[in-house]
Amino acid sequence: MGSFVSEREMRVVPIGKGTASDDFSRPCLFNLATQKPNKTVDIGRNGVAVSLDAQGRVLQASTFHSTHGIAVAVPFEQFDGTKFWDASYVRAYRTRMLRCLQEDRAGFGLDFGRLDDLVSIQIQDANTAVFRFQLNGFSIAILAQVTDEGSILQCAYATNTSASCLCLPYSLRMGVSLNRASYGQLTEGGPLTLPLSHNRLHKIDRTTLSVCNPHLGAQLVANFNINGQPIDLQRVRDQEAYDAPLDTTVKGQLCVPPGEIAIFQTRFRLLQHTGDPERRERFELVPQQISDLARPCWRRDDFLTTYIVRRNVDYILAGCVVPVSETAAAIITDHVALPLGWNRDNYWQTRLLLTTIKHIQDLVNPPFVHSYEEQIRFAAQGHLEWVFNKAQRPYGFWHRSYLVNGQPKDPSIFQLDQQCYPLLELCDYLDNFPEEIRFVRTIIGTQVVHEILTLLGSKQDVSTGLWPTEETPGDDAVIYPYHFSSHVLLWRTLTRLRDLLERLEASDGLSQRLDALAKNLRDTAFCAFTFHHPRIKNDIFAYLTDGRGQCTFYHDANDIPTLFATEWGFVTTTEEVAIWTRTMEFGLSSANETGYCSEGPYSGLGSVHSPGAWTLGYFQELAYASLMNNPRAMRAAWTKIAAAMHWDGTFSEAVDPITAECTSKAWFSWPGAMIGTLLIQMRKNGQEKMLLRSKQ
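Given below as structure tokens:
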């Protein structure tokens, strides 16, 4: 089982920010009296995601719901359905779990009381975390795990380290509310009505409790044992609560002789029905073991670069890939703030997974390669199955965002870039899995590809030759209809799809038509978007244009395709590259007045979408420096990325430019996916050494 590890033997999370010389293979150590984690411990498996506090108590459990998309169990009230258009309330609600962390408000599940001392936390793999601390003469190790079948386990091993018998107080907290995920957006496109909040606690039998919300159609089933013996819950009273969590706690204490170990185990199942759980399944608890040192899954696992790649791959697989059938899987951008699928985010998430599997032998130790390969293959193929066959298109096009059941979240908002990403994802899939050509032919055979291409053809403006969009990739309305980075992306998609069809030996002439369309698009876009900037006194690419001489100069952290314009081959000649270079240097500087956050040591590219510097902006800075092979700029960008990173290796949407602390959406997988992919590429081309400090 192992004992508590001293502060010298593990990675101490500092009050400031970590450096690249830390050993990231070690557990993280927090002194809860002076510094609490800045983010939850997030684990998951097969569509069940769990967020825990620093003592292993549950702050959120979520699972797939066929009607509502995602159902959650949380220890606080449901989102106020009258405030979907209140951006300040949306922001505040997203921080509920973070406030629980900072104010030490316990989640539900197993609890041994308030701890104001050292705790070590190690996320051993995507579905398992281990917490260790000392409390009142006991050395306590808690293993939290999401099993393959969706059970949420807490297994605590309490060792009496004193020379006398001690009594250990414990609680099973059931202060929980079952809700639908709010889906509250800062750029609200049309809210979905929430089911009524009505939580009912009742006993299934003497050892099993159930919390259900009949309006949601979901229940949380729980049982509890100590040293293998089920705890009799007969005295627990039935309870009901409206618009609030329940208020029920099972309390007790156990006397433990000196040197002996007491084992406490809880098991929860979050189910999408309110009937008798799984035909009276008994939910037996299986004893778990905690190893002193988990076998390293990843090579060079002490490096910060490895830590970021591993944790973001694991987070996507654990918290974002949601199986909806045996063959289909939705992918959500995060499991807390916005558990919705965006084609845009999903493409870049999948790209990290595909880059990982391409270099799997160099990244992952042999015993773990097969497991990662299986999970990534299912995610990549399952998402294509979902986006082409499950995602509804009532207006013919893919919508801005989706519930995991395939229902569009927002009404008929047309975003040009969202139509491109699934097609590009299909091309990337065949590149990585050439043996899956039959599956790709099946997707082509659904006619969705042809339907989207026909729709895109109908959208092209005859007079300008450009393609309009109603919103930018930041989900913001446009003042002019034509958006530069979306045209770069559309060109990339058409050329990649052309190559795919040629590979499939399509005989309908479509590949030739796509080739001609792509060439005309590129020529037209260059003419339409190249403008003289009055301050730069030279030509750059405009952000938006009306196609008739009016434009806006701006660059946004969300506009990744502009960054890739040279790598993809959209710009090729010396003059074109010069225009692109000036565009990027404008975007990554204070000259980009409404997009670049200039203040503080962590200044950087952001977005009108949310204030502050964005981690996607830091990614663009590092990627651009890498393309320019500029070591000094790479190190400067890397310093910002390391500072903005959460303790667990993931990233938020935006950060404070003074402190690098999260200011918007602590859970956001897109930045980590971009940074992780770039780090793998930089390792392969020899640039990683420029980021690493003296020890590494």
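In terms of UniProt numbering, the sequence shown is residues 1 to 696. C-beta: ideal position from N, C-alpha, C; glycine also.
Problem - Minimum C-alpha distance to Asn520 - residue among Gly457, Glu502 and Tyr480 - result: Among Gly457, Glu502 and Tyr480, the Cα nearest to that of Asn520 belongs to Gly457.
Problem - C-alpha gap between Cys266 and Pro339, whole angstroms - result: Correcting the residue identity first, residue 266 is Thr in this sequence and not Cys. Rounded to whole angstroms, Thr266 to Pro339 spans 26 Å at the Cα level.
Handout entry: Closest Cα partner of Gly69 within the set Thr159, Pro195 and Glu593
Key = Pro195
Practice task
Assign Asp111 to one of two classes, buried (16 or more other C-beta atoms within 10 Å of its C-beta) or exposed (fewer than that).
Solution key: By the neighbour-count criterion, in which 16 or more other beta carbons inside 10 Å mark a residue as buried, Asp111 falls on the buried side.
Exercise for the section: Leaving aside the five residues before and after Val448 along the sequence, list all residues of the same chain whose C-beta is less than 7 Å from its C-beta, in chain order. Expected result: Here the set comprises Phe388.
Problem - Close-in-space but distant-in-sequence residues of the same chain around Asp232 (CB under 6 Å, 5 per side omitted) - result: Arg206
Practice task
Compute the distance between the beta-carbons of Val577 and Thr594, then report whether it is under 8 Å.
Solution key: no
Handout entry: Range covered by the beta strand (DSSP E) that runs through Pro323
Key = Val321 to Pro323
Handout entry: Inter-stretch contact at 8 Å, needing at least 3 Cβ pairs: the region 220-236 / the region 182-198
Key = Inter-segment contact for the region 220-236 and the region 182-198 is absent: fewer than three beta-carbon pairs are separated by less than 8 Å.
Practice task
Could you name the residues that DSSP lists as bridge partners for Val240?
Solution key: In the sequence under discussion, the amino acid at residue 240 is Glu, which differs from the Val named in the question. Answer is Arg200.
Practice task
For the alpha helix (DSSP H) containing Ala33, list its first residue and its last residue.
Solution key: Careful: Ala33 lies outside any alpha helix (DSSP H) and carries neither H nor E.
Problem - For Leu679, the three-state DSSP class (helix, strand or coil) - result: Leu679: helix per DSSP, three-state reduction.
Exercise for the section: Please go through the same chain and pick out, in chain order, the residues whose beta-carbon is closer than 8 Å to the beta-carbon of Phe24, but skip the five residues on each side of it. Expected result: Arg11, Asp301, Asp302, Phe303, Leu304, Thr306, Tyr307 and Gly649
Handout entry: Separation of Ile452 from Cys662, as counted between CA atoms
Key = Computed Cα separation, rounded: 38 Å.
Practice task
Determine the DSSP secondary structure at His532, reduced to helix, strand or coil.
Solution key: strand
Practice task
Tell me the start and end of each unbroken alpha helix (DSSP H) in the region 76-152 that is at least 4 residues and wholly inside, in chain order.
Solution key: 87-94 and 96-103
Practice task
Verify whether the separation of the beta carbon atoms of Ser177 and Ala222 is less than 8 Å.
Solution key: no
Problem - Secondary structure of Asp334, DSSP reduced to three states - result: coil
Exercise for the section: For the beta strand (DSSP E) containing residue 698, list its first residue and its last residue. Expected result: No answer is possible for residue 698: the residues shown for the chain start at 1 and end at 696.
Exercise for the section: Taking only runs that begin and end inside the region 460-520, name each unbroken alpha helix (DSSP H) of 4 or more residues, in chain order. Expected result: 484-503
Handout entry: Integer Cβ distance of Leu605 from Gly587, believed to fall under 8 Å
Key = 6 Å
Exercise for the section: Kindly indicate which three-state DSSP category Lys251 falls into: helix, strand or coil? Expected result: For Lys251, the secondary structure class from DSSP, reduced to helix, strand or coil, is strand.
Handout entry: 6 Å Cβ shell around Ser485 - same chain, five flanking residues per side excluded
Key = Asp559, Pro561 and Thr562
Exercise for the section: Kindly list the residues whose CB is nearer than 6 Å to the CB of Glu599, restricted to its own chain and excluding five residues on each side of it in sequence; keep chain order. Expected result: Pro657
Handout entry: Among Ala126, Ala141 and Asn127, nearest to Phe133 - alpha-carbon criterion
Key = Put simply, of Ala126, Ala141 and Asn127 the residue whose alpha carbon is nearest the alpha carbon of Phe133 is Ala141.
Exercise for the section: Give the DSSP-derived three-state secondary structure of Cys420 in the structure shown. Expected result: helix
Problem - Limits of the beta strand (DSSP E) - the one that Asp539 falls within - result: Asn538 to Phe541
Exercise for the section: Would you mind giving the Cβ-Cβ distance between Phe570 and Arg492, rounded to the nearest angstrom? I have them listed as a contact below 8 Å. Expected result: 7 Å
Practice task
Helix, strand or coil for Ala565, going by three-state DSSP, please let me know.
Solution key: helix
Problem - CA nearest to the CA of Ala106, picked from Glu425, Thr454 and Pro75 - result: Pro75
Exercise for the section: For my contact list, Asp410 and Gly549 are in at a C-beta cut-off of 8 Å; report their separation, rounded to the angstrom. Expected result: With 8 Å as the limit, Asp410 and Gly549 do not qualify as a contact, their Cβ atoms being about 32 Å apart.
Exercise for the section: Determine the burial state of Glu385: buried for a count of at least 16 other Cβ atoms within 10 Å of its Cβ, exposed for fewer. Expected result: buried
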